[in-house]
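Protein chains in written order, with the numbering used here: chain A, 1 to 299; chain B, 300 to 581; chain C, 582 to 870.
Each residue gets a CB set at the ideal place from its N, CA and C atoms; glycine is no exception.
Note that the coordinates shown come from a computational prediction; the quantities given were computed from them, not determined experimentally.
See below for the structure under consideration.
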């Protein structure tokens, strides 16, 4: 009998919790903004989301990674409001969007360079784009081939849906395939972590990720051509186009957004949003470009 | 001579057992030693600050909601199945009973990632429940079902036959007997079963990655039809995908400590209850 | 009243049958979602293809062999480590341990069995890989051996408790007869108890294999995930489970890559089903304790 009473109490507790949950659900009138995609943008996106939601009650921003391709597909499928991308949309993606009745609008929100990192113990300081291509397509397999120690090169890269993976393939591999035994890491941070610990490792990551741990890895200077000068991925070098591995980072929305999403975008393009870009280790877009995009948003 | 050799063999076997179990236990203790000092009310009750600081309230809330909805489906279904399998064997088709049993056994052996695939295909996409707490909870419900059924059935079977016979002899119907005699005396065992099922659900990670776990959510408004953060996935994302995993180790150890405390205390409660229950039966 | 009884019985039967429905829906959805892959890539090229590169822009390849070999390598090493140790622990628990020690150790085993796999994965990623690196100077910090070690720790409780149950269930008379004939305790264990418990021990090991091959998080965080075919335990490998878990977060739903991951899931499902059915065939009666 005691036990029956106990189970009755349990039932009541469960019922109370159910009522509470139902209450929460019925009272969550908040706005949910979903944003997914580029892992490179994640480091900024999570700061935007946090700062934006902090000042406003009833706003929920869901931030997800997975890679630029993942975000764009999610936008086309109507699963998210904003796709984060570290590359422009591809022709077939635009076509798929058109077929689904989605009108992707592009927003440039930050500038990023790609840092080439090696272990601190590695004597190499400079690399050319040609050497990088060899290392990543497998025609260069030992450090001694580019003037380093006599040891195998262990190659770290991103997984295939990453915009960085694709940008790097276009820009460095000229569209060719990566060597098959490249360690495909799920995130930029994974690559940095691996290279910090791997004396023979090399990896490519968004500048912010390398910057974040600059005292634990070596960031190489990169030459576009053999006989040109080598530049480190500093802000000035990237902003002024001297560093050869740099690109815009984009957000895509379905049409010109209104309401909450528009408000969030205005925040991102505002001086405050761009200050967050800088804090996260990336390069803010020029103010005129931000203003021009803001005027497209209206309001 | 022979005895001397035998002593060595026994010593080696004992040493292996102690080393193996001790080492695994040591790892757990190490995690708790690193994690427990991180825990504070602030850490537990404040939301994450990006993926670089703050607390873990959003993840704790997610895990609680997941467990709640999982329990809502899995426990009634599991206990009902167990009642049928243990109390309605007379008159039921033995082939059907055997089929159900083998199926449950096989379900228990299905890898959790496969449940994730089912959840994605069935709940997220086919039923349009989306990447959400609901999709994930339904997936977890199916995943925990075999555990709940097996343990509840054991509890029901432990009730002596004579109890049932006495009740039936007094003119009670089958269901009256179950409700008034069998269930009350199997109650602690059934509760144990439910706790075991939930503890399994609390630690699951892989199926959540496919059915709605989000990397980060700012300003949670408790939308059960939307993505969520959970403790288990938070540990995974924090330690592999966040901008600087080594800087946030303390948050990771803290999340692990909370998850371990939840899972281990559930398990411990179940074990203690089962032992006490078994003793009282004897 | 009678109608109420019937209704309740029907409801209970429906609940019990739900398991069958869930099991069938796993099969149906796995097959349904795999078929589009097999329409484009023949099952032979899937099963025996040696390249897993489903995201290549130029030449996507859907050979599952690298993932299968990754799984087998990691699980194989894990078993070589875990089975002898588990067997020794099981013998200790059921034949040697006296009084409370055995109860306490069993309790600890149950606790260990309940630790979430993501926690084991974290141990492998953060603690174990560092230890391995300083011991063996590994080129690949995350490698098959790292995954195998953490897996062996994970399956130890499973194999130990089932094997020890099997050993304990050997009737006392067997032992007494042997001892009465002048055999020592160890001779009795080796010649009488272990052979009689052979079936149970095999079942325990098989369930260990089943658990190991389906394990996702611990392996995913431990092995480095490069889809290559190798027998070198110090190389990074990718298992079937890891490929599904990582890549499903990134695929286009409905793409060939998405369907390929379901095909990998189907293969994994078939493998673990076969293991489970053989365990049942050998007398395994479910996870009731």
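Proximity winner among the options, relative to residue i (alpha-carbon distances)
| i | options | result |
| --- | --- | --- |
| residue 413 (chain B) | B:428, B:441, B:457, B:388 | B:441 |
| residue 765 (chain C) | C:734, C:676, C:859 | C:676 |
| residue 56 (chain A) | A:96, A:67, A:264 | A:264 |
| residue 666 (chain C) | B:476, B:496, B:322, B:303 | B:322 |
| residue 195 (chain A) | A:45, A:285, A:155, A:148 | A:155 |
| residue 661 (chain C) | C:787, C:633, C:592 | C:787 |
| residue 704 (chain C) | B:567, B:562, B:571, B:548 | B:548 |
| residue 656 (chain C) | C:623, C:613, C:814 | C:814 |
| residue 617 (chain C) | C:829, C:836, C:626, C:863 | C:836 |
| residue 419 (chain B) | B:478, B:468, B:495, B:439 | B:439 |
| residue 51 (chain A) | A:183, A:129, A:279 | A:279 |
| residue 39 (chain A) | A:243, A:252, A:71 | A:71 |
| residue 121 (chain A) | A:93, A:198, A:32, A:231 | A:198 |
| residue 402 (chain B) | B:444, B:311, B:528, B:348 | B:444 |
| residue 803 (chain C) | C:816, C:695, C:671 | C:816 |
| residue 596 (chain C) | B:487, B:575, B:387 | B:387 |
| residue 820 (chain C) | C:716, C:865, C:795 | C:795 |
7 Å Cβ cut-off: residues of chain B touching residue i
| i | result |
| --- | --- |
| residue 834 (chain C) | 424 |
| residue 691 (chain C) | 566, 570 |
C-beta atoms of residue i and residue j nearer than 8 Å
| i | j | result |
| --- | --- | --- |
| residue 741 (chain C) | residue 690 (chain C) | yes |
| residue 294 (chain A) | residue 262 (chain A) | no |
| residue 833 (chain C) | residue 842 (chain C) | no |
| residue 131 (chain A) | residue 79 (chain A) | no |
| residue 857 (chain C) | residue 789 (chain C) | no |
| residue 429 (chain B) | residue 524 (chain B) | yes |
| residue 725 (chain C) | residue 784 (chain C) | no |
| residue 405 (chain B) | residue 603 (chain C) | no |
| residue 357 (chain B) | residue 435 (chain B) | no |
| residue 569 (chain B) | residue 491 (chain B) | yes |
| residue 619 (chain B) | residue 669 (chain C) | With chain B running from 300 to 581 in the structure shown, residue 619 (chain B) is simply not present. |
| residue 769 (chain C) | residue 777 (chain C) | no |
| residue 651 (chain C) | residue 626 (chain C) | no |
| residue 63 (chain A) | residue 42 (chain A) | yes |
| residue 105 (chain A) | residue 285 (chain A) | no |
Per-residue contacts from residue i into chain C (C-beta, under 9 Å)
| i | result |
| --- | --- |
| residue 70 (chain A) | 830, 831, 832, 833 |
Residue i - partner residues in DSSP beta bridges
| i | result |
| --- | --- |
| residue 143 (chain A) | Residue 143 (chain A) pairs with nothing; no bridge assigned. |
| residue 106 (chain A) | A:252 |
| residue 152 (chain A) | A:142 |
| residue 348 (chain B) | B:352 |
| residue 231 (chain A) | A:222 |
| residue 185 (chain A) | A:158 |
| residue 501 (chain B) | Its beta-bridge partners do not exist; DSSP assigns none. |
| residue 710 (chain C) | BP columns for residue 710 (chain C) are empty, so no partner. |
Within chain A, the residues that residue i reaches when beta carbons sit closer than 7 Å
| i | result |
| --- | --- |
| residue 539 (chain B) | 186, 187, 190 |
| residue 822 (chain C) | Simply none; closest approach about 14 Å. |
| residue 637 (chain C) | 177 |
| residue 805 (chain C) | 183 |
Contacts of residue i in chain C (Cβ-Cβ under 8 Å)
| i | result |
| --- | --- |
| residue 473 (chain B) | 586, 590 |
| residue 67 (chain A) | 831 |
| residue 154 (chain A) | 720, 721 |
| residue 331 (chain A) | In this structure chain A extends from 1 to 299, so residue 331 (chain A) is not present and cannot be described. |
Contacts that residue i makes with chain A (C-beta to C-beta distance below 8 Å)
| i | result |
| --- | --- |
| residue 698 (chain C) | None at all; the shortest Cβ gap to chain A is about 17 Å. |
| residue 722 (chain C) | 194, 197, 198 |
| residue 714 (chain C) | 197 |
Residues that residue i contacts on chain A, provided the C-beta gap is smaller than 9 Å
| i | result |
| --- | --- |
| residue 632 (chain C) | 180 |
Contact list for residue i against chain B, beta-carbon separation under 9 Å
| i | result |
| --- | --- |
| residue 661 (chain C) | What residue 661 (chain C) touches in chain B: nothing, since even the nearest Cβ is about 14 Å away. |
Residue i beta carbon near the ligand GTP (any heavy atom closer than 7 Å)
| i | result |
| --- | --- |
| residue 268 (chain A) | Questions concerning the ligand GTP fall outside what the structure shown contains, since it holds no ligand whatsoever. |
Listed by chain order, chain B residues near residue i by CB distance under 8 Å
| i | result |
| --- | --- |
| residue 17 (chain A) | 367 |
Exercise. Is there contact between the stretch 707–719 of chain C and the stretch 639–646 of chain C, where contact requires at least three CB pairs shorter than 8 Å?
Worked result: no
Exercise. Hey, is the stretch 538–554 of chain B in contact with the stretch 468–486 of chain B, meaning 3+ C-beta pairs nearer than 8 Å?
Worked result: no
Exercise. How about the stretch 93–106 of chain A and the stretch 136–148 of chain A: do they share at least three Cβ pairs that are nearer than 8 Å?
Worked result: no
Exercise. Just checking, does the stretch 104–119 of chain A make contact with the stretch 208–226 of chain A on the three C-beta pairs under 8 Å criterion?
Worked result: yes
Exercise. Between the stretch 57–69 of chain A and the stretch 561–571 of chain B, do three or more beta carbon pairs fall short of 8 Å?
Worked result: no
Exercise. At a cut of 8 Å, does the stretch 610–629 of chain C reach the stretch 845–863 of chain C through at least three beta carbon pairs?
Worked result: yes
For this session: Flag this pair as touching only if the stretch 526–540 of chain B and the stretch 328–335 of chain B have three or more C-beta atom pairs under 8 Å; answer yes or no.
Result: no
Exercise. Any chance the stretch 515–522 of chain B sits against the stretch 346–357 of chain B, with 3 or more Cβ pairs inside 8 Å?
Worked result: yes
Exercise. Should the stretch 75–93 of chain A be called in touch with the stretch 250–260 of chain A, which here means at least 3 C-beta pairs below 8 Å?
Worked result: yes
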